[in-house]
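As numbered in the numbering used here, residues 391 to 544 make up the sequence shown, in order. For every residue, glycine included, the Cβ atom is placed at its ideal position computed from N, Cα and C. Below is one structure; the comments refer to it alone.
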Amino acid sequence: MKKIAVVTGASSGIGYQTALDFAAQGYTVVGGARHLKNADELVKAGVVFHPLDVTDHDSVQDFVQFIKSTYGRVDVLVNAAGYGSFGALEEVPLDEARRQLDVNLFGIVDLIQQVTPIMRTQHSGRIINISSLAGQSYSALAVGTTSKNTRWKQ
Ligand SMILES: NC(=O)c1ccc[n+]([C@@H]2O[C@H](COP(=O)([O-])OP(=O)(O)OC[C@H]3O[C@@H](n4cnc5c(N)ncnc54)[C@H](OP(=O)(O)O)[C@@H]3O)[C@@H](O)[C@H]2O)c1
391 MKKIAVVTGA
401 SSGIGYQTAL
411 DFAAQGYTVV
421 GGARHLKNAD
431 ELVKAGVVFH
441 PLDVTDHDSV
451 QDFVQFIKST
461 YGRVDVLVNA
471 AGYGSFGALE
481 EVPLDEARRQ
491 LDVNLFGIVD
501 LIQQVTPIMR
511 TQHSGRIINI
521 SSLAGQSYSA
531 LAVGTTSKNT
541 RWKQ
């Protein structure tokens, strides 16, 4: 039986390449994101796309339920959905700060909470969370964005 890899943020960047890499390694890959971009290469590699907004609990439930009912297992979960948001603390709108935590932190927690019961049942599974050195190292007054998903100041 082919192993199942689930990759969030599969429409772009790290998640996109990760989805392709798992497919090349022989995994069945389910990728999630809000919009499917660059679809051709994913489709050619056999990656199955399912819509996912990690900030929407119902969407996460629907995503995991789709995987459970279609494949019945999850061998690897890669949480790659996320974006960078930079600025001086006094300038970053609070809504933006909350939004980033919703995507980069609570979105991951929601996925993990819904996928770990599947992994427990099968007694195996691996979860990989994509973080950033920017979460650990300080960069003085970096303004703007390193990610096209950052919406503030655009
Ligand atoms: N690129 C780097 O050099 C680098 C280095 C270290 C860490 N990171 C971190 O790795 C993560 C991904 O970076 P990246 O460069 O791959 O960014 P990216 O190219 O902008 O891709 C971000 C992915 O996340 C998805 N996404 C964003 N919001 C989402 C949501 N609410 N629900 C579901 N999917 C969502 C996007 O798809 P949709 O917009 O279609 O939803 C897209 O597929 C970020 O957290 C970043 O900080 C990146």
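6 angstroms Cβ shell around residue i - same chain, five flanking residues per side excluded
| i | result |
| --- | --- |
| V437 | A409, A413, V419 and G421 |
| A395 | F412, Y417, V419 and V466 |
| R424 | D443 |
| A435 | L410 and A413 |
N- and C-terminal bounds of the alpha helix (DSSP H) containing residue i
| i | result |
| --- | --- |
| F456 | H447 to Y461 |
| L484 | L484 to L491 |
Close-in-space but distant-in-sequence residues of the same chain around residue i (CB under 7 angstroms, 5 per side omitted)
| i | result |
| --- | --- |
| K458 | I508 |
| F453 | G422, H440 and L442 |
| H513 | none |
| N539 | Caution is warranted here: a pLDDT of 47 is assigned to N539, below 50, making its placement in the model unreliable, and the coordinate value is therefore given only provisionally. Within the same chain, N539 has close Cβ partners Y473. |
Contact check, residue i vs residue j, beta carbons under 8 angstroms
| i | j | result |
| --- | --- | --- |
| V493 | V444 | yes |
| D500 | H440 | no |
| A470 | I404 | yes |
| V468 | V397 | yes |
For residue i, the first and last residue of its enclosing beta strand (DSSP E)
| i | result |
| --- | --- |
| I394 | I394 to T398 |
| G421 | T418 to A423 |
| I508 | It is not in any beta strand (DSSP E) - I508 instead sits in the alpha helix (DSSP H) that spans G497 to Q512. |
| F439 | V438 to P441 |
Same chain, Cβ closer than 8 angstroms to residue i, five either side skipped, listed in chain order
| i | result |
| --- | --- |
| Y461 | I394, T418 and V420 |
| K392 | G416, Y417 and T418 |
| W542 | In this prediction, W542 scores a pLDDT of 45, lower than 50, which makes its location untrustworthy; no coordinate-derived value is stated. |
Rounded Cβ spacing between residue i and residue j (contact assumed at less than 8 angstroms)
| i | j | result |
| --- | --- | --- |
| S401 | G474 | Incorrect: roughly 17 angstroms between the Cβ atoms, too far for contact. |
| V464 | G515 | 6 angstroms |
| I520 | G472 | 7 angstroms |
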